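Enquirer:
Below is the structure:
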């Protein structure tokens, strides 16, 4: 319980910085609609929830990597939800930090993490050519694959299943409530991140 409460408190503490980063990187291309502005209370609630979830996973395989992914992933998810884009600078920073933490804390699982990162990166790159999946998702996937692989190949598969399931449910809800049409784009990054978090927590 202490870890959960501590995680929630930490999430609230970083919420202003997260909101600033979202405003910094959620910049639409010329001619695109203006970015959605998330109020600080909303960001704080999301950050507290993610922090509590990370706290609940304290002691799980790769917990330092999970903390890093949750922190930067919150920014990435909100940016993607705002402008349907995952900036290269953020996905590259996530990948670099993940690699450093894996080398420092999880050397025994490095090969599996590398293979999972390559498999998800290549898989999503192919999907980006064949399906409405963005290249940003392909650049995000390797970092998430490496984190998932710390708990085993079953967790890698579970993370993908959860991500597509959550995205499908959200898309269905939007269609049923007529908040979106069949041709409207859906930001997939937040669901990749949520699916990863759920799979890691279930696997602990």
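In this note's numbering, the protein residues as written are 14 to 217. Note that beta-carbon positions come from the ideal geometry of N, C-alpha and C, so glycine has one too. All of these numbers come straight from a predicted model, not from anything done at the bench.
(1) Tell whether a beta-carbon distance below 8 Å holds between residue 60 and residue 18.
(2) List the whole-angstrom C-beta distance separating residue 111 from residue 161, where the pair is believed to meet the contact cut-off of C-beta under 8 Å.
(3) Are the CB atoms of residue 169 and residue 181 nearer to each other than 8 Å?
(4) So what does DSSP say about residue 190, is it helix, strand or coil?
(5) Among the candidates 204, 171, 206, whose CA atom is the shortest distance from the CA of residue 212?
(6) Determine the DSSP secondary structure at residue 164, reduced to helix, strand or coil.
(7) Is it true that the CB of residue 41 sits closer than 8 Å to the CB of residue 92?
(8) Based on Cα-Cα distance, which residue from 151, 74, 81, 89 lies nearest to residue 38?
(9) Looking only at C-alpha atoms, which of 79, 86, 174, 144 sits nearest to residue 56?
(10) Sort 77, 142, 99, 143 by Cα distance to residue 116 and report the nearest one.
(11) I need the boundaries of the alpha helix (DSSP H) containing residue 100, first residue and last residue.
(12) Answer with buried or exposed for residue 54, where buried requires no fewer than 16 other C-beta atoms within 10 angstroms of its C-beta.
(13) Flag this pair as yes or no: are the beta carbons of residue 48 and residue 67 separated by less than 8 Å?
(14) Using DSSP with H/G/I as helix, E/B as strand and the rest coil, what is residue 121?
(15) For residue 191, count the other beta carbons within 10 Å of its own beta carbon; 16 or more makes it buried, fewer makes it exposed. Which is it?
Expert: To lay it out plainly:
(1) As a first step, residue 60 must be located in the chain shown, where it is residue number 47. As a first step, residue 18 must be located in the chain shown, where it is residue number 5. Between residue 60 and residue 18, the CB-CB gap reaches or exceeds 8 Å.
(2) As a working note, residue 111 is residue 98 in the chain shown. As a working note, residue 161 is residue 148 in the chain shown. Actually they do not touch by this definition, with Cβ atoms about 11 Å apart.
(3) Here residue 169 is taken as the residue at index 156 of the chain shown, counted from 1. Here residue 181 is taken as the residue at index 168 of the chain shown, counted from 1. No, the pair does not count as a contact, with Cβ atoms beyond the cut-off.
(4) Counting from 1 along the chain shown, the entry for residue 190 is found at position 177. Residue state for residue 190 is assigned as coil, using DSSP reduced to three classes.
(5) Within the chain shown, the letter at position 199 stands for residue 212. Closest by C-alpha distance to residue 212, out of 204, 171, 206, is 171.
(6) Position 151 of the chain shown, counted from the first residue, corresponds to residue 164. It is coil, neither helix nor strand.
(7) The residue given as residue 92 occupies position 79 in the chain shown. The residue given as residue 41 occupies position 28 in the chain shown. No, these two residues do not count as a Cβ contact at 8 Å.
(8) Taking the chain shown and counting its residues from 1, one reaches residue 38 at position 25. It is 89 whose Cα lies nearest to the Cα of residue 38.
(9) Counting from 1 along the chain shown, the entry for residue 56 is found at position 43. Comparing Cα positions, the closest option is 86.
(10) Along the chain shown, one-based indexing puts residue 116 at 103. Selection 77, 142, 99, 143 evaluated against residue 116 yields 77 as nearest (Cα-Cα).
(11) On the chain shown, residue 100 is found 87 positions in, with the first residue counted as 1. Here residue 100 belongs to no alpha helix (DSSP H), and DSSP marks it neither H nor E.
(12) Taking the chain shown and counting its residues from 1, the one referred to as residue 54 is at position 41. Exposed, since its Cβ has fewer than 16 Cβ neighbours within 10 Å.
(13) If you number the chain shown from 1, residue 48 lands on position 35. If you number the chain shown from 1, residue 67 lands on position 54. No, they are not a contact pair.
(14) Reading the chain shown from its first residue, position 108 is the one you call residue 121. For residue 121, the secondary structure class from DSSP, reduced to helix, strand or coil, is helix.
(15) As a position in the chain shown, residue 191 is number 178, starting the count at 1. With fewer than 16 other Cβ atoms within 10 Å, it is exposed.
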